[in-house]
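Read top to bottom, the protein sequences are chains A and B.
Mapping of the first sequence onto this note's numbering: residues 1 to 436, in sequence order.
Mapping of the second sequence onto this note's numbering: residues 437 to 910, in sequence order.
All C-beta atoms in this analysis are idealised placements derived from N, C-alpha and C, irrespective of residue type, glycine included.
Notes to accompany the following structure.
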Amino acid sequence: MLFRKQKREQRLQQQMDERPKSPDYWKQVWRQYRKNRVAIWALRILSFLAVIALFADFLANDKPIYCQLEGQAHWPVFRNYLVDAGVGKWPEGMSNFDWKEAQYESVVWPLIPYADNNLDMGNSYKSPFDPQKVKAPRFRHRLGTDSLGRDVAAGMIRGTRVALVIGLLSMAVAAFIGILLGALAGYYGDRHLQVSRVRVLLNLLALPLAYFYAVEVRSYVLEESSNFYTQLLISLGWAMGILLLANLLATLLKRLPWLGRKWTMPVDILVMRLIEVMNSIPGLMLLLAILVIIPRPNVFSVMVIIGLISWTGIARFIRGEILRIRALEYIEAARAMGYNNWRIIWRHVIPNALGPVLITLAFGIAGAILLEAFLSFLGQGAGSAQVTWGRLLSLARNSPGAWWLAVFPGLAIFVTVSIFNFIGEGLTDAIDPRRG
Amino acid sequence: MFLYIAKRIVLFVPTFLMVSLVAFGLSQCSPGDPVDRLLINSENDINWENKKQYERDYRYKARDLGVDRPPFYLSLLPRAYPDTLQQIVPPDRRRAMRKLLDQYGNWDAVHQYMETYDGFMAHFSQLPDSLGKDDLINLQRHFLHLEHIYKVAAIQYEWEEIGKDLEKNPELEQQIATELLELKAAYANLQSTARPSDLMIPSIRVNGLDNQYHNWLVAFLKGDFGVSLQNGQPAGQKIKDALWWTVVLSLLSMFFTFLIAIPLGVYSANRYGQWFDRITSAGLFMLYSLPTFWIATMLVMFFTTSQFGEWANIFPSVGLGNMTASDPFWPRFWQRLTHLILPVFCLTYGGLAFMARQMRGSTLDVKRQDFIRTAWAKGLSPHQVHWRHNFRNAVFPLITMMAGILPAAITGSVVIELIFNIPGMGLLVLDSILAKDWPVVYIILMLTAVMTILGNLMADILYTWADPRVKFDL
Chain A
1 MLFRKQKREQ RLQQQMDERP KSPDYWKQVW RQYRKNRVAI WALRILSFLA
51 VIALFADFLA NDKPIYCQLE GQAHWPVFRN YLVDAGVGKW PEGMSNFDWK
101 EAQYESVVWP LIPYADNNLD MGNSYKSPFD PQKVKAPRFR HRLGTDSLGR
151 DVAAGMIRGT RVALVIGLLS MAVAAFIGIL LGALAGYYGD RHLQVSRVRV
201 LLNLLALPLA YFYAVEVRSY VLEESSNFYT QLLISLGWAM GILLLANLLA
251 TLLKRLPWLG RKWTMPVDIL VMRLIEVMNS IPGLMLLLAI LVIIPRPNVF
301 SVMVIIGLIS WTGIARFIRG EILRIRALEY IEAARAMGYN NWRIIWRHVI
351 PNALGPVLIT LAFGIAGAIL LEAFLSFLGQ GAGSAQVTWG RLLSLARNSP
401 GAWWLAVFPG LAIFVTVSIF NFIGEGLTDA IDPRRG
Chain B
437 MFLYIAKRIV LFVPTFLMVS LVAFGLSQCS PGDPVDRLLI NSENDINWEN
487 KKQYERDYRY KARDLGVDRP PFYLSLLPRA YPDTLQQIVP PDRRRAMRKL
537 LDQYGNWDAV HQYMETYDGF MAHFSQLPDS LGKDDLINLQ RHFLHLEHIY
587 KVAAIQYEWE EIGKDLEKNP ELEQQIATEL LELKAAYANL QSTARPSDLM
637 IPSIRVNGLD NQYHNWLVAF LKGDFGVSLQ NGQPAGQKIK DALWWTVVLS
687 LLSMFFTFLI AIPLGVYSAN RYGQWFDRIT SAGLFMLYSL PTFWIATMLV
737 MFFTTSQFGE WANIFPSVGL GNMTASDPFW PRFWQRLTHL ILPVFCLTYG
787 GLAFMARQMR GSTLDVKRQD FIRTAWAKGL SPHQVHWRHN FRNAVFPLIT
837 MMAGILPAAI TGSVVIELIF NIPGMGLLVL DSILAKDWPV VYIILMLTAV
887 MTILGNLMAD ILYTWADPRV KFDL
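Here you go:
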């Protein structure tokens, strides 16, 4: 009996899984999107940039890709990967080898034979057209150099990687928070989330405890440890553990009569208030203030913080979509089949609300890239060790004549930001054909 | 309507409190000591002679700023922590004591160690110069340093250094031997009586209303904005000075934005699909994606110097010119105006692109409605249809954008003010944050929150004016 019931449920589940994903929908969106020539070109340029970001080490490097030296073949760029990963070693006498000065039998250099942090003191502040002190035209600094002789082209190639990674990952963080909170607010509204008293109380108790054990107790380790971020992760783990424990306990205790009574949680009000708070604090100000506080900010901390402050738009969007979808019949059908709420949200509601979120994501990536570039321009953000487009541009402010330091990085930022804007625009037209 | 406004204001209270908590929390997390920065003798240049004076000044200033109080209504601290930690001066000593406590969890022993240290220093300072002036100075440096360190290795190292110095001067060693032993014994006692379990047990302290957060919030509501930590100037005065230029910039750029964007948006919507519309749409989209800080940098680079030829030196260099308030009005006005051209241009083009696109979109939406067809059918002139019927119903994005003016006037534009060196709010925000001047930062944060909410409220009221069908549900 029980067995048969399970089997029937399995079959139903299979049918549900197959149905609402509706491959037709995305196919149709793609067909609409393809009609927009500009948007298609934006996608092409984006893949070009992605290739640059992926193969940055092969495009700009101070080591040759392949060379033949004293009868032996070397693959220095590949070997560098192995050495960095800790599995390979440089051959005898090659760890500090001056690759530029060697006499090769044959050699294949990367397109730009400089790494982004190579100093070339003989060639500081050289414009692309200035005479440069290089031994062959092959080694010219094609896009000029900065005050320390660092190659601008190499910096731009390295900066592509940073920009794309920042844009994508910070929006991934924002999308995670935004989709989660927006879905909760939209699906449950103010009246439909019922939580047992014991869970509410235990969580209220666990929050301060989690703070206490993660921050107060560990303050000495957090402040004194040489590896702040590892310790921060451990602290987060503690906090999560305590919260998890409280919820497990609540699951056990909710069978008791008084503790098991339900309270209704006004999720929607709470989430909307939170969004209002986030929106009334200027993002740039919050970002700068957090960056000033945390010790040794790096690319990843910048990324996470940008994500943490830019989820509100996504949350509002998905909330609105879900409010619309919740009233549709197939959700009612899913509920009638006895699926639990999480399953309905994750498998049936969110996939159908994703279209508009993609649009906000595309515009959000453009915004995040712009924000990071501006932070680097201010000398904050990714730290001085990291070459970014914004930092190259900021060098131009201190050296008024060096137009190549302003034009090229700025152009790169502009192109990247506009292709994401074009993609967002194309998606808008494709997903919502009423407009435009 | 009034009920609605009242409800909005009541709803704003929790938001306002949250923003104030965020601002306050940020300042609490920030490293560095606010009191020390305001004192003339900073902690780095105190020595044995002016130590007492420094401590007195510090206490006085700390009471003045209210930072000797507990930070919040409640505190959740390990049981090992005393209530009086906040009142220990100087800050480096407080820090060292806290870190010792974090390691050993026994406040009494920490306290005793520092008291023994004070006793030792009192004795040490009485020693006559005849024992060897250079040796005394050298030792004093080591002992003063001992007050600030808390790691086992660092303290061991310092003891070893002191031992080496004393070996060279046996007479001096004899004079302080017993006291030195006591000090070492106190440190050993601290290590042996460690109670790490006390660090793991939480305890809640109720601090009452006399705490930093409460005092600050009450002062803010009364209009007392505190002093800037950078130079002790009143924060309110600093903001008032900066606000003027930001308001001038915002108003000018708003004016031009509206002046150009509205006709452009409406005009291209009415030529939907024609070449004019296509070109302006593409152009506006490019303009919208142009990073302001890039364009501003380029303009400053190419058009304010003669680096690239005399013809390119069109605009004056950055800043607001060198005339002061005593110069005659008209030349001063003219000079300021020429200095504002580039900043206003940079502020305008981004907003303009956004605004015109919005305007075009909403005009297009309205254009397809039935009542527009009716208006045409009635035989109204194109001008009447476009402006009286179509535009009037497409002003929503304008109103939404107007709501952004108020908060924008408070935060200013960091980019423009930085690049063009205009002493407005944006530059003040940036400077204050980078200098960790929290009193100024909070005030700006709070004012921005208030302005955002006022702007939204204003927009809501204007929506009802633009479209009487808009009703507020209470």
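- Non-local beta-carbon contacts of Leu209/A in its own chain, meaning distances under 7 Å to residues more than five positions away in sequence, involve Ile242 in chain order.
- Taken atom to atom, the span from the alpha-carbon of Gln562/B to that of Leu475/B is near 28 Å.
- No Cβ of chain B is located within less than 8 Å of the beta carbon of Glu372/A.
- Those residues of the stretch 120-134 of chain A placed with their C-beta closer than 9 Å to a C-beta in chain B do not exist.
- Gln648/B is the residue among Arg793/B, Gln648/B, Arg809/B and Ile835/B whose C-alpha sits nearest the C-alpha of Pro875/B.
- Secondary structure in the stretch 541-588 of chain B: the alpha helix (DSSP H) runs of 4 residues or longer, each lying completely within the stretch, are 543-561 and 569-582 in chain order.
- One alpha carbon belongs to Ile344/A, the other to Ile331/A, and they sit about 7 Å apart.
- Exposure of His192/A is indicated by the presence of fewer than 16 other C-beta atoms within 10 angstroms of its C-beta.
- Take Phe363/A, set aside five residues on each side of it, and the residues of its chain with a beta-carbon closer than 6 Å to its own are Gly424, in chain order.
- Identification of residues in the stretch 461-478 of chain B having a C-beta nearer than 8 Å to some C-beta of chain A yields Leu462, Cys465, Ser466 and Pro467, given in sequence order.
- Leu898/B is the residue among Trp823/B, Lys620/B, Leu898/B and His819/B whose C-alpha sits nearest the C-alpha of Thr836/B.
- According to the DSSP assignment, Thr693/B belongs to the alpha helix (DSSP H) that extends over Ala671 to Asn706.
- Under a criterion of Cβ atoms nearer than 9 Å, no residue of chain B is adjacent to Ser376/A; the nearest Cβ is some 10 Å distant.
- The stretch 823-839 of chain B and the stretch 242-251 of chain A do not touch, with fewer than three beta-carbon pairs separated by less than 8 Å.
- Closest by C-alpha distance to Val754/B, out of Thr740/B, Trp747/B and Pro764/B, is Thr740/B.
- With its beta carbon at least 8 Å from every one in chain A, Val802/B lies outside the interface.
- Residue contact with chain B for Trp403/A: present (Cβ-Cβ distance below 8 Å to some residue of chain B).
- Using a Cβ-Cβ cut-off of 8 Å, Val851/B counts as an interface residue toward chain A, since at least one Cβ of chain A sits closer than that to its own.
- Secondary structure note for Met265/A: its beta strand (DSSP E) is the uninterrupted segment Lys262 to Met265.
- Residues of chain B whose Cβ lies closer than 7 Å to the Cβ of Phe414/A are, in chain order, Ser725, Leu726, Pro727 and Trp730.
- In the displayed model, Thr145/A falls within a strand according to three-state DSSP.
- Contact with chain B is found for Leu288/A, since one of that chain's Cβ atoms lies less than 8 Å from the residue's Cβ.
- With respect to Ile179/A, Ala60/A sits apart: the two C-beta atoms are not nearer than 8 Å.
- Considering only beta carbons, the part of the stretch 869-885 of chain B lying closer than 7 Å to chain A consists of Ile869, Leu870, Lys872, Val877, Leu881, Thr884 and Ala885, in chain order.
- Taking 8 Å as the upper bound for CB-CB distance, Lys872/B and Val292/A are in contact here, some 6 Å apart.
- For Gln68/A, there is no enclosing alpha helix (DSSP H); the enclosing beta strand (DSSP E) has its first and last residue at Tyr66 to Leu69.
- Segment contact: the stretch 23-33 of chain A against the stretch 131-140 of chain A, fewer than three CB-CB distances shorter than 8 Å; contact not assigned.
- Contact with chain B is found for Met285/A, since one of that chain's Cβ atoms lies less than 8 Å from the residue's Cβ.
- When secondary structure is reduced to three states using DSSP, Ser628/B falls in the helix class.
- The Cβ of Val217/A sits closer than 8 Å to at least one Cβ of chain B.
- In the DSSP annotation of this structure, the continuous segment of the alpha helix (DSSP H) that includes Leu233/A starts and ends at Phe228 to Leu253.
- Around the beta carbon of Asp120/A, 16 or more other beta carbons sit within 10 angstroms, so the residue counts as buried.
- Taking a beta-carbon distance threshold of 8 Å, Val417/A counts as an interface residue toward chain B.
- DSSP, read as helix, strand or coil, puts Pro638/B in strand.
- Sixteen is the threshold: when 16 or more other Cβ atoms of the shown chains lie within 10 Å of the Cβ of Ile314/A, as they do, the residue is buried.
- As summarised for the stretch 455-479 of chain B, the continuous alpha helix (DSSP H) elements at least 4 residues long and confined to that stretch are 470-474, given in chain order.
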